[in-house]
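Contents: one structure, followed by commentary.
Protein chains: 4
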Amino acid sequence: MTVHSKCYMQCHRCTRVWSQSRLRAGIHRMTESNNNDHLVKSDDSQHPANLIPELCKKFWTLGWVTGTGGGASIRDDDLVYLAPSGVQKELMKPEDIYVLELSKQLDPKQRIYLRSPPSLKPSQCTPLFIAAFTKRGAGCCIHTHSQWAVLVTLLLESQSNKNLFEINNIEQIKGFGKGYQKQGALGYHDTLRIPVIENTPHEEDLTESLEVAMDKYPDTYAVLVRRHGVYVWGETVHKAKTQCESLDYLFQLAVEMKKLGLPWLSDIA
Amino acid sequence: MTVHSKCYMQCHRCTRVWSQSRLRAGIHRMTESNNNDHLVKSDDSQHPANLIPELCKKFWTLGWVTGTGGGASIRDDDLVYLAPSGVQKELMKPEDIYVLELSKQLDPKQRIYLRSPPSLKPSQCTPLFIAAFTKRGAGCCIHTHSQWAVLVTLLLESQSNKNLFEINNIEQIKGFGKGYQKQGALGYHDTLRIPVIENTPHEEDLTESLEVAMDKYPDTYAVLVRRHGVYVWGETVHKAKTQCESLDYLFQLAVEMKKLGLPWLSDIA
Amino acid sequence: MTVHSKCYMQCHRCTRVWSQSRLRAGIHRMTESNNNDHLVKSDDSQHPANLIPELCKKFWTLGWVTGTGGGASIRDDDLVYLAPSGVQKELMKPEDIYVLELSKQLDPKQRIYLRSPPSLKPSQCTPLFIAAFTKRGAGCCIHTHSQWAVLVTLLLESQSNKNLFEINNIEQIKGFGKGYQKQGALGYHDTLRIPVIENTPHEEDLTESLEVAMDKYPDTYAVLVRRHGVYVWGETVHKAKTQCESLDYLFQLAVEMKKLGLPWLSDIA
Amino acid sequence: MTVHSKCYMQCHRCTRVWSQSRLRAGIHRMTESNNNDHLVKSDDSQHPANLIPELCKKFWTLGWVTGTGGGASIRDDDLVYLAPSGVQKELMKPEDIYVLELSKQLDPKQRIYLRSPPSLKPSQCTPLFIAAFTKRGAGCCIHTHSQWAVLVTLLLESQSNKNLFEINNIEQIKGFGKGYQKQGALGYHDTLRIPVIENTPHEEDLTESLEVAMDKYPDTYAVLVRRHGVYVWGETVHKAKTQCESLDYLFQLAVEMKKLGLPWLSDIA
Chain A
1 MTVHSKCYMQ
11 CHRCTRVWSQ
21 SRLRAGIHRM
31 TESNNNDHLV
41 KSDDSQHPAN
51 LIPELCKKFW
61 TLGWVTGTGG
71 GASIRDDDLV
81 YLAPSGVQKE
91 LMKPEDIYVL
101 ELSKQLDPKQ
111 RIYLRSPPSL
121 KPSQCTPLFI
131 AAFTKRGAGC
141 CIHTHSQWAV
151 LVTLLLESQS
161 NKNLFEINNI
171 EQIKGFGKGY
181 QKQGALGYHD
191 TLRIPVIENT
201 PHEEDLTESL
211 EVAMDKYPDT
221 YAVLVRRHGV
231 YVWGETVHKA
241 KTQCESLDYL
251 FQLAVEMKKL
261 GLPWLSDIA
Chain B
1 MTVHSKCYMQ
11 CHRCTRVWSQ
21 SRLRAGIHRM
31 TESNNNDHLV
41 KSDDSQHPAN
51 LIPELCKKFW
61 TLGWVTGTGG
71 GASIRDDDLV
81 YLAPSGVQKE
91 LMKPEDIYVL
101 ELSKQLDPKQ
111 RIYLRSPPSL
121 KPSQCTPLFI
131 AAFTKRGAGC
141 CIHTHSQWAV
151 LVTLLLESQS
161 NKNLFEINNI
171 EQIKGFGKGY
181 QKQGALGYHD
191 TLRIPVIENT
201 PHEEDLTESL
211 EVAMDKYPDT
221 YAVLVRRHGV
231 YVWGETVHKA
241 KTQCESLDYL
251 FQLAVEMKKL
261 GLPWLSDIA
Chain C
1 MTVHSKCYMQ
11 CHRCTRVWSQ
21 SRLRAGIHRM
31 TESNNNDHLV
41 KSDDSQHPAN
51 LIPELCKKFW
61 TLGWVTGTGG
71 GASIRDDDLV
81 YLAPSGVQKE
91 LMKPEDIYVL
101 ELSKQLDPKQ
111 RIYLRSPPSL
121 KPSQCTPLFI
131 AAFTKRGAGC
141 CIHTHSQWAV
151 LVTLLLESQS
161 NKNLFEINNI
171 EQIKGFGKGY
181 QKQGALGYHD
191 TLRIPVIENT
201 PHEEDLTESL
211 EVAMDKYPDT
221 YAVLVRRHGV
231 YVWGETVHKA
241 KTQCESLDYL
251 FQLAVEMKKL
261 GLPWLSDIA
Chain D
1 MTVHSKCYMQ
11 CHRCTRVWSQ
21 SRLRAGIHRM
31 TESNNNDHLV
41 KSDDSQHPAN
51 LIPELCKKFW
61 TLGWVTGTGG
71 GASIRDDDLV
81 YLAPSGVQKE
91 LMKPEDIYVL
101 ELSKQLDPKQ
111 RIYLRSPPSL
121 KPSQCTPLFI
131 AAFTKRGAGC
141 CIHTHSQWAV
151 LVTLLLESQS
161 NKNLFEINNI
171 EQIKGFGKGY
181 QKQGALGYHD
191 TLRIPVIENT
201 PHEEDLTESL
211 EVAMDKYPDT
221 YAVLVRRHGV
231 YVWGETVHKA
241 KTQCESLDYL
251 FQLAVEMKKL
261 GLPWLSDIA
């Protein structure tokens, strides 16, 4: 469905009918009866609208999306599928998924959704997911509130470089690609570097510093958010998910290493 | 079913038949053949009698209701649905649920149940759940024995203000509403404050100090009980459950922070 | 089936036929074609032969019966149902269950099984389970290798009374009955005391010291085994299972308290 | 299917057709239409192609094969079934399994697979699994990235003998066999010794040092890999799996003991 600016549609919140120009202004949200529900209905278990709930259920058991925190988004060509805000992640259903067209999101203040679930709110993570899709060509982006990620950012606060998590000489580092538009994976002796950005009161305000971190560390597949969690992406759902798992593994290991007095960086060649 | 004081019914414990006036005195419990079983029978998965067992099963896997400890209650208008005492929480069934009318519980010493499971005992948590319903208009109240909650109360014992858990500058704090009859959620920089009351030998004797804590902290959605656990409520099942998850996340984080020498309060603006 | 001493049956191990007197000598084990398989076949989910596999599957997820360690036994009047040795506990089936008659186990060296699974070995825990059944009238006994139990016994090694785990003023203590042939549960202020016995190379050799500990602490529902695990029993399956859960909760809490410098005993009245 | 050197088959990677001699050179991989799919299709739940996915799903929940790390292989007489590289282990299917003939793997540089999944890569663990099969007659070999294993190898780095994990006087040690071609299990007082080898950038390069460790400790059923994980094997799937569980239990216990200042070796006789 392409939305024409001449169309009149019902606003999601006020339930009144407005012109597209007013809806595009972002004050109102369309809920026309034809809400493009076909975009989230598929018998294919690998369809993004089916995959996101399945992934979120798994993430809930891992403690990544506790108390409706965190989220996930999948990009399929120009369509972006997004978990909504405030939903119990282990109970999410395909009909809870938002859909938007990536190429039409010129102004982040005026987000247009091809498909909006009738009684939900879009996630504040949306602009951060979109940054991973547009700046890195990611196919999937995951945001967790994992306690291991939060603890790593807290432990870094007292270190000389508080804005960079570094670890090397751990096999699981090989679970990460070398970086944007590069072939192959990191090696065992390579140092994995994950930048840390400061948290902000409103999650969408993280976007700018996330993009700055992406520019400074063009090959990173993740950005830690202090006292908040982590954003992890990958070219495919498979890569985003397995890189997120590997990273959480390394964060947990790093916290345990700290408890046992073991350094994160070592000098093995 | 409305119970008339002229009715004669069988006592649950002594199996003899008594007048309602004697049953209302609280010495006996009715088990008349018409036990209002229809109140706990529904094909709707969102019916309180179906939701409570489902929630308790989930809570068991989280370690919140180990060894029959803890419990949960849902209020639907004037009807209150309660998990029974002493049942393995992961095995609970809809027919194990107690039901009472909130408006008829004038004297807590004379609890009248619209529906009592034949061979179970009502939970000692009942008066505490009722306090959340009557004083805060809660729609659901959860009681956990989470070890993280217990450890937080133990760690507080040696602190200057041992009756208040405080944490700030953690994203998950945004999982809590601002408070009773207030709109919106706490912010990232806000300090979450959860009062702690001392445990008593009989759980029902906690009611008075729980109510005092509610009066002193009118906006809290939870009260910690020293060396025991936590009571968490919310306007809806969704809010009570997700606030309970967020709180348990913060308790666990707080314990891990203590192990790593990290303070619960920080001075970030 | 009552086994008569005049019967001739096939030995389980050597596959030759022997008189009952030789089989009773314990050197051989009967595997007659009529192996009383009906004793472990039931459509009732509460039948011991169905309950033991279900419990063991749950215990496996709790880390209590890792690597075939641990076990469980249920007594139904004079019949005792036992998990076998060396089976993956999460995969156990009703046909893996041993059955014996409690009243006929006069000589522990000559164990007679009413029903033996064809290709399994009886558990070395058998005499310890039987001690709980005969000396305490238990209806169920559970043996776990929980790491929390093992760590508690290790921590006790350097304490003045290394043979007694004591904890008080924790709500979960109320999950235990007052003791053998006593009514009611322990109170919040009561001190829970679990004796510790030293491990032996052969598990069956623990029987004597387990019985000594039972005599010294007649009201205990559990005995810790140093560097090994714990035996927990109860009048019913429900009580044994929930007491085992409560105890494991307290062991885990005790280990975490030790890490945080918090004492197990406190002086609250 | 026996592959004849005169056959021409399609290469897996370049999709062109080559003679067997070229395919055997290891540069190309066959993907002939008859890919021996019957080798991984069975209704028997105990068939290796069904067992490996089931085991890997279980291992994923245990945190052993996070982020596609780790793996498992089963030998059935001369056929070896292998989990592929880079697959989400909890989602693996029978059709993802590689099969090779053990007796035909003379040159490890020229690996011939009887069956290769069309779009997957063989695991770098293959030569290490094969070492367990050929040098120790193992029936199953498991490789985990368990954090407990990694932490144990990190803790050993500062010890006098950094290449050997030793623990004694823990009941779970009885979960291990005495060793290669020996009868019976280790005793409670025996010291379990697991050699540690240094990690290498390419996993297959571990093969030589793994074999050296096997020669030096002929009775070990496991080899730790520093900062990487552990390889565990056994005569059967049952033994490899339960030994791997027992070992992970001991690694976790060892890490907790270190946190609590408890020594791994003690002097109890």
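Protein chains in written order, with UniProt numbering: chain A, 1 to 269; chain B, 1 to 269; chain C, 1 to 269; chain D, 1 to 269.
Quick reminder that beta carbons are idealized off the backbone N, C-alpha and C, glycines included.
Keep in mind it's a predicted model, so treat the numbers as computed, not measured.
- Item | Chain-ordered chain D contacts of C:Q88 [CB-CB under 8 Å] | H238, K241 and T242
- Item | Given 8 Å, three or more beta-carbon pairs between the stretch 152-165 of chain D and the stretch 214-229 of chain C | no
- Task: Give the straight-line distance between the Cα atoms of D:Y180 and D:K216, rounded to the nearest whole angstrom.
- Result: 13 Å
- Segments of 4+ residues assigned as alpha helix (DSSP H) that fall wholly inside the stretch 191-235 of chain A: 207-216
- Taking the alpha-carbon positions, what's the C:A132 to A:K259 distance? 41 Å
- Message: Between the alpha carbons of A:G234 and A:A49, how many angstroms are there, rounded?
- Response: 18 Å
- Write down every uninterrupted run of the beta strand (DSSP E) in the stretch 115-202 of chain B whose length is 3 residues or greater and which is fully enclosed by it, in chain order. 140-144, 164-168 and 191-197
- Message: Considering only their Cβ atoms, is the gap separating C:K58 from C:G86 smaller than 8 Å?
- Response: no
- Message: Output needed for D:G175: all residues of its chain with C-beta closer than 7 Å, excluding positions within five of it in sequence on either side, in chain order.
- Response: T242, Q243 and S246
- Throw me the rounded Cβ distance for the residue 325 of chain C and B:G69 pair, which I believe falls under 8 Å. Here chain C comprises residues numbered 1 to 269, so residue 325 of chain C is not present and cannot be evaluated.
- Give the secondary structure of D:L79 by DSSP, where H, G and I count as helix, E and B as strand, and everything else as coil. strand
- Query: What runs of the beta strand (DSSP E), each 3 residues or longer, lie entirely inside the stretch 47-76 of chain D?
  - Reply: 71-76
- Which residues DSSP lists as bridging B:V99, in chain order: B:Y81 and B:R115
- Item | chain C residues whose Cβ lies nearer than 9 Å to that of D:G179 | Within chain C, no residue comes near D:G179; the closest Cβ sits about 17 Å away, beyond 9 Å.
- Message: Between which two residues does the alpha helix (DSSP H) holding A:E90 run?
- Response: Premise fails: A:E90 is in no alpha helix (DSSP H) and is neither H nor E.
- Cα-Cα separation between D:G187 and B:R115, rounded to whole angstroms: 57 Å
- Query: Looking at B:E204 and B:L84, is the spacing between their C-beta atoms short of 8 Å?
  - Reply: The sequence given here places Pro at residue 84 of chain B; Leu does not occur at that position. Against a cut-off of 8 Å, the Cβ pair of B:E204 and B:P84 comes out as no contact.
- Message: Rounded to whole angstroms, what is the Cα-Cα separation between C:R227 and D:K239?
- Response: 23 Å
- Task: Keeping to the same chain, check which residues put their C-beta closer than 8 Å to that of D:W148; ignore five residues upstream and five downstream.
- Result: D248, F251, Q252, A254 and V255
- Can you tell me whether A:T153 is buried or exposed, with buried defined as 16 or more other CB within 10 angstroms of its CB? buried
- Contact residues within the stretch 56-87 of chain B, judged by C-beta distance below 7 Å to chain C: T66, G67, T68 and G69
- chain C contact for D:M92 (CB, 8 Å cutoff): no
- Message: Would C:Y231 and C:C141 qualify as a contact pair, given that the criterion is a beta-carbon distance under 8 Å?
- Response: yes
- Query: Measuring CB to CB, does B:Q124 end up less than 8 Å from B:H202?
  - Reply: yes
- Quick one, are the C-beta atoms of C:S73 and C:F129 less than 8 Å apart? yes
- Task: Count the other CB atoms, across all protein chains shown, that sit within 10 Å of the CB of A:H145; report buried if there are 16 or more and exposed otherwise.
- Result: buried
- Message: On the criterion of 16 or more Cβ atoms from any shown chain inside 10 Å, does B:M257 qualify as buried, or is it exposed?
- Response: buried
- Task: Figure out for me which residue from C:I52, C:E95, C:W60 and C:T66 has the closest Cα to the Cα of C:L39.
- Result: C:E95
- Is B:K109 helix, strand or coil when you go by DSSP? coil
- Message: With a threshold of 8 Å on Cβ separation, who are the neighbours of residue 315 of chain A within its own chain once the five nearest residues in sequence on each side are excluded?
- Response: In the structure as shown, chain A begins at 1 and stops at 269. Residue 315 of chain A is therefore absent and cannot be evaluated.
- Task: Using a Cβ-Cβ cut-off of 8 Å, state whether B:H189 counts as contacting chain A.
- Result: yes
- Message: Taking the alpha carbon of D:S266 as the reference point, which residue from C:D37, C:C56, C:E157 and C:S119 has its own alpha carbon closest?
- Response: C:E157
- Hey, C:V225 and C:G139: beta-carbon distance below 8 Å or not? no
- In chain B, what lies closer than 9 Å to A:Q110 by C-beta? The premise fails here: A:Q110 is roughly 23 Å from chain B at the closest Cβ pair, so nothing lies under 9 Å.
- Query: Of the residues A:K89, A:K93, A:T66 and A:R75, which one's Cα is nearest the Cα of A:D37?
  - Reply: A:K93
- Query: What residues of chain D sit near A:L186, judged by a beta carbon separation below 8 Å?
  - Reply: None at all; the shortest Cβ gap to chain D is about 10 Å.
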